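Colleague:
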Amino acid sequence: MPLDTSTYSLALLRVDGRRWNELRRLHAQIRTQDAADGSSYLEMGHTKVMCIVTGPSEQQVQRRGGQQAPRDEAAINVNVVVAGFSSVDRKKRGRNDKRIQEIETTIANAFSSNLHTHLFPHSSITISLHVLSQDGSLLAALLNATTLALIDAGIPMTDYIAACTAGSTSTYAAGDDTADPLLDLNNQEEQELPFLTVATQGNSDQVAVLVKQFLDQVVKDKGAEMIKEGAVERSDAMGMDVDE
């Protein structure tokens, strides 16, 4: 059933009962896998992901793409596995799926500039992510779970990376400045609305990741400021889970 954006503009409530700036419930745990160097489990609404971090360990030769020359800093390898039962269509995505490869590259690039990899020369850090359930904001959930697992592994980093999504209703995309962006989109909203994913470092305004889907520049600029506040709120919630 298509998302009826006119309903939101009248009732100011979304399909799941939230207001435009309300985030879904976040539940997070660390040290979920005793055998791993670092691990985490995270739920953002009905999106559920698990992260396992291995390393830093001796850098292995990459079979695919030829041998890799020794480096003076740690290499970050990201693997994303999507369970076939994670979505309604039960479509199994393989390692060669374009969307999966884009997510892996985005996560690797985000943390390569945030982790102090120069402290671990000629080594590698492997981040394995498992998607158990999908209900929107998948990239944001994976970034948040990775942050928690890296903290659990004790790998030094500049600051938390916390991510959130924001979407635009049709009236807002058409240039209606009175309409509000929607924070923390679920799957139905992502299917119908243009949106972007933003990750910030800690409580600062420094953007570590910005990925947009069918969003024009004007809306992106306006939504980015609002989404930073959502990312900061996510960072605060994640910090509470780590402290516990």
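Start counting the sequence shown at 1; every next residue gets the next number (the UniProt record's numbering).
The C-beta atom is built at its ideal place from N, Cα and C for all residues, glycine as well.
Source: prediction; values computed, not measured.
1. Could you tell me which residues DSSP puts in a beta bridge with Thr165?
2. Can Leu196 and Ala149 be called in contact, C-beta distance under 7 angstroms?
3. If distances are taken between C-alpha atoms only, which option among Lys98, Leu132 and Ala74 comes closest to Leu115?
4. Over the uninterrupted beta strand (DSSP E) stretch that includes Ala28, give me the two end residues.
5. With a Cβ-Cβ cutoff of 7 angstroms, do residue 255 and Ile76 count as a contact?
6. For Thr146, which of Gly17, Lys48 and Leu13 has the nearest alpha-carbon?
7. Below 8 angstroms, how does it come out for the stretch 123-133 and the stretch 36-54: are there three or more Cβ pairs, yes or no?
8. Tell me, please, whether the stretch 179-195 touches the stretch 12-21 by the rule of three or more beta-carbon pairs shorter than 8 angstroms.
9. Cβ of Ser123 within 7 angstroms of Cβ of Gln59?
Modeller: Taking the coordinates as given:
1. Thr197
2. no
3. Taking only the C-alpha atoms, the option nearest Leu115 is Ala74.
4. Leu26 to Ile30
5. Outside the displayed span of the chain (1 to 244) sits residue 255, for which this structure offers no information.
6. Lys48
7. yes
8. Segments in contact, yes.
9. yes
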